[in-house]
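Visitor: Pasting in a structure now, in structure tokens, and then I'll have a few things to ask.
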Amino acid sequence: MKTTLDKLKMGSKGIISNVGGEGALRRRLLDMGLTPNTTVMVRKVAPLGDPIELHLRNYELTIRQEDAGKIEVTEVAE
Amino acid sequence: MNITFALIGNPNSGKTTLFNQMTGSNQRVGNFPGVTVEKKDGPVRGHKGVTVVDLPGIYSLSPYTAEEVVTRDFLIYEKPDAIINIIDATNIERNLYLTLQLMELNVPMILALNMMDEIHSSGESIDIQKLEEQLGIPVVPISASKNDGVDELTHRAIKCAEHKTKPKNLDFCCGHVHNAIHSIAHLITEEAKAAGLPLRFAAAKIVEGDQPVIDRLKLMEPELDIIQHIVDDMESHLNTDREAAIADMRYAFIESICKECVKKSAPSREHLRSVQIDNVMTHKYFAIPIFLGIMLFVFWLTFGIFGSGLSDLLSLGIDSITQAVDHALSQVNINPALHSLIINGVFAGVGSVLSFIPIILVLFFFLSLLEDSGYMARVAFVMDKLLRKIGLSGRSFIPMLIGFGCSVPAIMATRTLPSERDRKMTIILTPFMSCSAKLPIYAVFTAAFFPNHGPLVMISLYLLGILVGILVGLLLKKTVFEGSPVPFVMELPPYRLPSAKSVTLKMWERAVDFLKRAFTVIFIATIIIWALQSFDFGFNMVSDTGDSMLAGAGKLVAPIFAPLGFSDWRAATALVTGLTAKEAMVSTFAILLGASDTASVTPLLSQLFVPLSAFSFLTFSLLYMPCVAAMAAVRRELGGWKNAILAMSFQTFVAWIAAFLVYQIGSFIF
Ligand SMILES: Nc1nc2c(ncn2[C@@H]2O[C@H](COP(=O)(O)OP(=O)(O)OP(=O)(O)O)[C@@H](O)[C@H]2O)c(=O)[nH]1
Ligand SMILES: [Mg+2]
């Protein structure tokens, strides 16, 4: 099912299909390993609802909901 | 032969730990990304002429923050003889991403595979030989913090630099990206040479669309047209854009390497433990109470139990030395002016601050636990949303927490913030976080005026600093620093057990710093204050300090503080000397009140203050402009005195208003 990263529930996984956005931020996201075909797991949402913690490539990364909304994923059924 | 190595790697991969092992120095390490913000070189132990340079961590050669630019510029313009690329083996995929870019620089290079201890204990394994073959550069497994493999690394790195063995195997791209890079490389050979850039690096950067590099190459119109055509072609074939295409190509190559070389076990024990700890520490409901609890606990232990108890013991010792020296001086009938200088000047001044070392060390002990455990990054994660309300990001929380220790490193730590606006705001707000040098002032005043509520008053001061920080932040956001908040992209390192060595080092460093100040700045300040309060403008020794030069000058400034409830010239003088170092305020009171030892400062203070004006004075001391060392840091980071003076006048103004409100509202209520 196609959706965006911010819509994934805690604990669920998705495969990145496209990284939107632009400029330095987008490049940073790509540099951090959020490239197409990468599997990402949403590990946690911060207590106040934002940002979120991701697990990918065997490490933990945190980004804001807003930026996660620019990353298109296909949800992986468990 | 002279050799310079550059230590390059991702943030938090252990560069500084390795640097310290190689050089025997004690640079700061911590378990969060962005500890090192400046380049630092040192000679390698046991190898004459070999230097190693520690640099801020970077994720890629497209810098994002101010301190990352330092690293890239060093690599490209100062050209080290060899690169030691240190990577975190537990996070090998993301770390190798930088490695692939470094290989394009055409500089001799060796890979240090760090944190092997964690790999071994988790039952994973990495095939070093295969990795070497695949990458085409030497790979040495090490564990920097355990000093495992560091000697071998040094030897092989030197050999690598001497033989100038450059990375040979650059064909990790394939298909359309490969074609694009190669066609462009052919096209720009001359320009790259002229601009002093490695060819392969320049070509890849062009494909990626890195504007600074394209500008630097000074390409002509026809070439630019061809390049555009090549890139368009590649994009349409791959059905993505140029940036994603390059990143994807690198990660795809890394994945294929890792598949061959890395044997993963199921999620490692360390990782699981880290996740479990995190489930509690960043829990939906408990995270914020836990953070507040930890901070309160730290301050309570610092003031309530350990710190003040130890300080009292130490001050007993210092007082008995003072008495012994006083006695001895009387016995030998020394000149009374000299006697007064030694006892009422130096001993009162320096002695009165020395006894506070334990409090400061206890506070630093806890702060280093926060830094080394990995909790710091979690606090940034939890607090991001709140900080966003005042226009900052969670990353700004790290400098502010460091600010509870000392403003100087805190202000330097703002370099890790990705936007100028965030940086400036954080620099202005950080000094409101009460630094450890202010502790002696609070301790003396609470003992004098709030003996039964010591910890409560101390904690309320800390909270007041935070509250003022928030209010000022809101104000700045609405006025000077308008704009949208910057993104927040941060790695969360695994929790690690803080090492005794690192924690002791941090406390030791702080103790040395404090002692140095006590015997230099404060020593000199006490002599000057003693002289100014002992003589009048005709250089006659006065019997009443109220007739002295210092009183004369102090009385000019004092009226400014009248609305805050303390108009005595001695309070004004202390605030001025506090600019040399905050703890000098205590020395100043000791001298001006004629206290011969620490314990006797406390009762004498009631000559100058009542509890309410004491609290107003503390409020002002908490918030007004920082000490000279911090001023210099502010000037450096804000890029000039003009902005720095503006910032500091603003802080002093805020302090005045806050103390005014405290005193006036207080008088109204009580
Ligand atoms: N287990 C283990 N931990 C290590 C090792 N080397 C370093 N560390 C820890 O990793 C963390 C980061 O170390 P630093 O040396 O500060 O890392 P850095 O690369 O200088 O980081 P920045 O300055 O932020 O770029 C610290 O908590 C170290 O104690 C190692 O070999 N094994
Ligand atoms: Mg470092």
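Going down the list, the protein sequences come from chains V and P.
Each residue of the first sequence is one higher than the one before, starting from 266 at the first, in my numbering.
Each residue of the second sequence is one higher than the one before, starting from -1 at the first, in my numbering.
Cβ atoms here follow ideal geometry from the backbone N, Cα and C, with glycine treated the same way.
Should Glu418 (chain P) go down as buried or exposed, given a rule of 16 or more other Cβ atoms within 10 Å for buried?
Guide: Glu418 (chain P) should be labelled exposed.
Visitor: What would DSSP say about Lys489 (chain P), mapped onto helix, strand or coil?
Guide: Per the sequence shown, the amino acid found at residue 489 (chain P) is Glu instead of Lys. Note: Glu489 (chain P) maps to strand in three-state DSSP.
Visitor: What's the C-alpha gap between Ile81 (chain P) and Tyr661 (chain P)?
Guide: Roughly 60 Å between the two C-alpha positions.
Visitor: Which residue spans inside the region 54 to 91 of chain P form an unbroken alpha helix (DSSP H) run of at least 4?
Guide: Fully enclosed alpha helix (DSSP H) runs of 4 or longer: 64 to 75.
Visitor: Looking only at its own chain, which residues have a Cβ that is under 7 Å from the Cβ of Leu359 (chain P), when we skip the five neighbours before and after it?
Guide: Around Leu359 (chain P): Met505, Arg508, Ala509.
Visitor: Report the CB separation of Leu727 (chain P) from Thr187 (chain P) in whole angstroms; it is logged as a contact under 8 Å.
Guide: The question about residue 727 (chain P) has no answer here: the residues shown for chain P are numbered -1 through 668.
Visitor: Does any residue of chain V have a CB that is nearer than 8 Å to the CB of Thr280 (chain P)?
Guide: Yes, its Cβ sits closer than 8 Å to a Cβ of chain V.
Visitor: At the 8 Å Cβ level, is Leu273 (chain V) part of the contact set with chain P, yes or no?
Guide: Not an interface residue.
Visitor: Which two residues bound the contiguous alpha helix (DSSP H) that contains Asp370 (chain P)?
Guide: Counting along the chain, the alpha helix (DSSP H) containing Asp370 (chain P) begins and ends at 355 to 371.
Visitor: Who are Thr163 (chain P)'s beta bridge partners in DSSP?
Guide: Note: Thr163 (chain P) sits in no beta bridge, so no partner.
Visitor: For Ile317 (chain V), which beta-bridge partners are listed by DSSP?
Guide: Per DSSP, V:Val310, V:Ile328.
Visitor: What is the DSSP secondary structure of Val284 (chain V), reduced to helix, strand or coil?
Guide: The answer is strand: DSSP assigns Val284 (chain V) an E or B state.
Visitor: With DSSP as the reference, label Gly683 (chain P) as helix, strand or coil.
Guide: Because chain P is modelled from -1 through 668, residue 683 (chain P) falls outside the range shown and cannot be assessed.
Visitor: How would you list, in chain order, the residues of chain B whose beta-carbon sits under 9 Å from the beta-carbon of Ile328 (chain V)?
Guide: No chain B is present in this structure, whose protein chains are V and P.
Visitor: Restricting to Cα atoms, I'd like to know which of P:Leu620, P:Glu369, P:Gly592, P:Asp230 is closest to Gly32 (chain P).
Guide: Looking at the Cα atoms, P:Glu369 is the closest of the given residues.
Visitor: Give the straight-line distance between the Cα atoms of Phe251 (chain P) and Met297 (chain V), rounded to the nearest whole angstrom.
Guide: Going by the C-alpha atoms only, they are around 15 Å apart.
Visitor: Counting only beta-carbon atoms, is Met297 (chain V) nearer than 8 Å to chain P?
Guide: It does: the Cβ of Met297 (chain V) has a partner Cβ on chain P nearer than 8 Å.
Visitor: Counting only C-beta atoms, is Val307 (chain V) closer than 8 Å to chain P at any point?
Guide: Judged by the 8 Å Cβ criterion, Val307 (chain V) is not in contact with chain P.
Visitor: With distances taken Cα to Cα, identify the nearest neighbour of Gly674 (chain P) among P:Gly550, P:Pro136, P:Ser611.
Guide: Any property of residue 674 (chain P) remains undetermined from this structure, which presents chain P solely from -1 to 668.
Visitor: Measuring CB to CB, does Thr543 (chain P) end up less than 8 Å from Leu573 (chain P)?
Guide: Going by C-beta atoms, Thr543 (chain P) is not nearer than 8 Å to Leu573 (chain P).
Visitor: In the structure shown, what three-state DSSP assignment does Leu197 (chain P) receive?
Guide: In the structure shown, Leu197 (chain P) sits in a helix (DSSP, three-state: H, G or I).
Visitor: Do Ala242 (chain P) and Thr269 (chain V) have their CB atoms nearer than 8 Å?
Guide: No; because the gap between Cβ atoms is not below 8 Å, this pair is not in contact.
Visitor: Spell out whether any CB of chain V is found under 8 Å from the CB atom of Phe379 (chain P).
Guide: With 8 Å as the cut-off, Phe379 (chain P) counts as an interface residue toward chain V.
Visitor: With a threshold of 8 Å on Cβ separation, who are the neighbours of Ile6 (chain P) within its own chain once the five nearest residues in sequence on each side are excluded?
Guide: If we look at Ile6 (chain P) and ignore the five residues flanking it on each side, its Cβ neighbours are Lys13, Leu53, Ile56, Thr69, Leu73, Ile81, Ile82, Asn83, Ile84, Leu96, Leu100.
Visitor: Express the C-alpha separation of Asn277 (chain P) and Tyr493 (chain P) in angstroms, rounding to a whole number.
Guide: When rounded, the distance between both Cα atoms is 12 Å.
Visitor: Given that Ala289 (chain V) touches chain P, what residues does it touch there, using C-beta distances under 7 Å?
Guide: What Ala289 (chain V) touches in chain P: Tyr62.
Visitor: Entirely within the region 437 to 520 of chain P and at least 4 residues each: give me those alpha helix (DSSP H) ranges in chain order.
Guide: Runs of the alpha helix (DSSP H) inside the region 437 to 520 of chain P: 437 to 447, 452 to 476, 498 to 517.
Visitor: Given a cut-off of 8 Å, decide if Asp71 (chain P) and Pro106 (chain P) are closer than it, judged by their beta-carbon atoms.
Guide: No, they are not a contact pair.
Visitor: Just reading off the alpha helix (DSSP H) that Ala110 (chain P) is part of, what are its end residues?
Guide: Segment 107 to 112 is the beta strand (DSSP E) holding Ala110 (chain P); no alpha helix (DSSP H) there.
Visitor: Report yes or no: is there a C-beta of chain P within less than 8 Å of the C-beta of Gly334 (chain V)?
Guide: False, the Cβ-Cβ gap to chain P never drops below 8 Å.
Visitor: Taking Cβ-Cβ distances shorter than 8 Å, what residues in chain V pair up with Lys383 (chain P)?
Guide: Ordered by position in chain V, the residues that pass the 8 Å Cβ test against Lys383 (chain P) are Ala311, Leu313, Gly314, Asp315, Pro316.
Visitor: Exposed or buried, which one is Pro429 (chain P) when buried takes at least 16 other CB atoms within 10 Å?
Guide: The residue in question, Pro429 (chain P), is buried, as its Cβ has 16 or more Cβ neighbours within 10 Å.
Visitor: Could you tell me the distance, in whole angstroms, from the CA atom of Leu385 (chain P) to the CA atom of Gly47 (chain P)?
Guide: One C-alpha to the other measures close to 48 Å.
Visitor: Using 8 Å as the limit for Cβ to Cβ distance, is Asp213 (chain P) near chain V?
Guide: So, not an interface residue.
Visitor: Just the C-alpha distance for Glu206 (chain P) and Lys499 (chain P), rounded to the nearest angstrom, thanks.
Guide: Glu206 (chain P) and Lys499 (chain P): Cα-Cα distance of roughly 43 Å.
Visitor: First and last residue of the alpha helix (DSSP H) that includes Thr412 (chain P)?
Guide: Here Thr412 (chain P) belongs to no alpha helix (DSSP H), and DSSP marks it neither H nor E.
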